[in-house]
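Just so you know, the sequence shown maps onto residues 114 to 398 in our numbering.
Here the structure comes first, spelled out in C-alpha cells, and everything after it is commentary.
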Amino acid sequence: MASSVTASALSCVSSFAVRSTSERKASASAPSIAIPLSGARATLPSFSGLKRSAALKQKNVPACKRVTKVAAAKGNGSALATVNEAASGLPLVGNVAPDFEAEAVYDQEFIKVRLSDYQKQKKYVVLFFYPLDFTFVCPTEITAFSDRHSEFAAVNTEVLGVSVDSVYSHLAWIQTDRKAGGLGDLNYPLVADLTKEIAKAYNVLIGDVGAALRGLFIIDPQGVIQHATINNLAIGRSVDETLRTLQAVQYVQDNPDEVCPAGWKPGAATMKPDPKGSKDYFAAI
Numbered sequence: 114m115a116s117s118v119t120a121s122a123l124s125c126v127s128s129f130a131v132r133s134t135s136e137r138k139a140s141a142s143a144p145s146i147a148i149p150l151s152g153a154r155a156t157l158p159s160f161s162g163l164k165r166s167a168a169l170k171q172k173n174v175p176a177c178k179r180v181t182k183v184a185a186a187k188g189n190g191s192a193l194a195t196v197n198e199a200a201s202g203l204p205l206v207g208n209v210a211p212d213f214e215a216e217a218v219y220d221q222e223f224i225k226v227r228l229s230d231y232q233k234q235k236k237y238v239v240l241f242f243y244p245l246d247f248t249f250v251c252p253t254e255i256t257a258f259s260d261r262h263s264e265f266a267a268v269n270t271e272v273l274g275v276s277v278d279s280v281y282s283h284l285a286w287i288q289t290d291r292k293a294g295g296l297g298d299l300n301y302p303l304v305a306d307l308t309k310e311i312a313k314a315y316n317v318l319i320g321d322v323g324a325a326l327r328g329l330f331i332i333d334p335q336g337v338i339q340h341a342t343i344n345n346l347a348i349g350r351s352v353d354e355t356l357r358t359l360q361a362v363q364y365v366q367d368n369p370d371e372v373c374p375a376g377w378k379p380g381a382a383t384m385k386p387d388p389k390g391s392k393d394y395f396a397a398i
C-alpha cells in the first residue's frame with residue numbers, strides 16, 4: 114500500500130514548478146536524541162554566517178522565531194512538536210538553522226532527535242530531506258550516506274535524513290532488504306516529519322504534493338547553515354560533493370583569512386580574499 118501511495122504522489126510532480134518562499138509558512142513539527150557523538154573539533158566563529166546573525170541581534174531583529182503546536186494524540190505516535198522558523202524574508206544560508214524536535218528511527222528503535230543537541234556536542238550536521246519512503250532514487254542516496262558515515266564521523270559530523278513519513282514507515286523500510294528496494298540497517302537516524310513542519314521551515318515542502326524536495330543543509334556547531342542545495346525529485350545527490358563542501362566549510366572556519374576556490378579539496382591551494390593575495394593564487398595556477 115505504501116508503494117502505491119508513493120508512486121501516486123510522485124506521478125503528480127513531473128511538471129512541478131517551485132513555489133516562492135513567501136508561499137511557505139512554517140509552524141510546528143514532531144518530537145530528542147542522545148546518539149553517541151564521538152570526537153571533538155576545536156571550532157572558531159563561523160565566517161560570514163555568524164557575523165550576519167550577530168548584526169541581526171544588534172538591530173533587535175530575531176534570527177528566528179519559535180512556533181509551537183500540538184500535533185496529535187500521543188497514542189498515534191505523535192507528541193508536542195516545536196520548530197524554530199527562520200525569520201520571514203531571510204535566506205537560510207548564513208543564518209541560524211530552524212531548530213526542531215522529532216521522532217526518528219535509529220538502530221531499529223524509536224528515538225527522539227533534537228537538532229540543537231548536536232550544537233551542544235560541538236558537532237557539524239548534514240541534514241538532508243528526501244521525498245518519500247519506498248521510492249526509487251531515495252534509497253540510493255540514503256544507503257550511500259550510510260555506507261560512508263564513518264567519513265563524516267571522522268570530520269566531527271553527524272548525518273540526519275528526513276521525510277514526511279512516519280517512524281513506522283521508516284522502520285518497515287529499514288527492515289526491508291536492500292536487494293528488494295529497502296534500506297537495511299543505517300548508521301544514522303531517519304527523522305519522521307509527519308506533520309510536514311520541518312520541511313516547511315526549511316522551505317523544501319512541495320505544498321500540493323505533500324512531499325519534500327531533495328534539500329541538503331550543512332549546519333555548523335553554532336547552529337548556522339553554511340551550505341544548502343535543493344534538487345528536484347528525479348535528481349539524486351552526491352556524497353562526494355557533500356563531503357568536499359563540508360571540508361571546505363570547516364577549513365574556512367578554522368582559517369578565516371582564507372577562502373576556497375572552485376573544486377577545492379583538502380591539501381589544495383586556497384586563496385587570500387583580497388586583490389593582492391588573490392593574485393598569488395592565480396599566478397600559481
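Positions of the beta carbon are idealized from the N, C-alpha and C atoms, including for glycine.
Asked	Found
Could you tell me the distance, in whole angstroms, from the CA atom of ALA257 to the CA atom of ILE332?	20 Å
Rounded to whole angstroms, how far is the Cβ of PHE241 from the Cβ of LEU329, which I believe are closer than 8 Å?	4 Å
Looking only at its chain, what residues have a beta carbon closer than 8 Å to the beta carbon of ALA293, apart from the 5 residues adjacent to it on each side?	none
Just the C-alpha distance for VAL238 and ARG291, rounded to the nearest angstrom, thanks.	25 Å
Would you call the segment 312-325 in contact with the segment 294-304, where contact means no fewer than 3 C-beta pairs closer than 8 Å?	no
Quick check: what's the CA-CA separation for PRO374 versus THR289?	42 Å
Where LEU346 and ALA396 are concerned, what is the direct C-alpha to C-alpha distance, given to the nearest angstrom?	42 Å
Is the beta carbon of VAL206 less than 8 Å from the beta carbon of ILE338?	yes
Could you spell out where the beta strand (DSSP E) holding GLN339 opens and where it closes?	338-344
Would you tell me roughly how many angstroms separate the C-alpha atoms of ILE398 and TRP377, rounded to the nearest one?	13 Å
Can you look up VAL272 in the DSSP assignment and give me helix, strand or coil?	strand
Just reading off the alpha helix (DSSP H) that LEU284 is part of, what are its end residues?	280-287
So what's TYR219 in DSSP terms, helix, strand or just coil?	strand
Helix, strand or coil for PRO305? Go by DSSP, reduced to three states.	The residue asked about is misnamed: residue 305 is Ala in this sequence, not Pro. In this structure, ALA305 counts as strand in the three-state DSSP scheme.
Drop a sphere of 10 angstroms on the beta-carbon of GLU271, count the other beta-carbons inside from all chains shown, and report buried for 16 or more, exposed for fewer.	buried
Would you identify the three-state DSSP class for GLY328, choosing helix, strand or coil?	strand
By how many angstroms is the C-alpha of SER391 removed from the C-alpha of ASP260?	38 Å
How many Å lie between HIS262 and ASN300 at the Cα?	6 Å
Does TYR243 come out as helix, strand or coil in the three-state DSSP assignment?	coil
What separation, rounded to the nearest whole angstrom, lies between the Cα atoms of ALA314 and TYR281?	23 Å
Could you check if ALA267 is buried or exposed, using at least 16 other CB atoms within 10 Å of its CB as the buried criterion?	exposed
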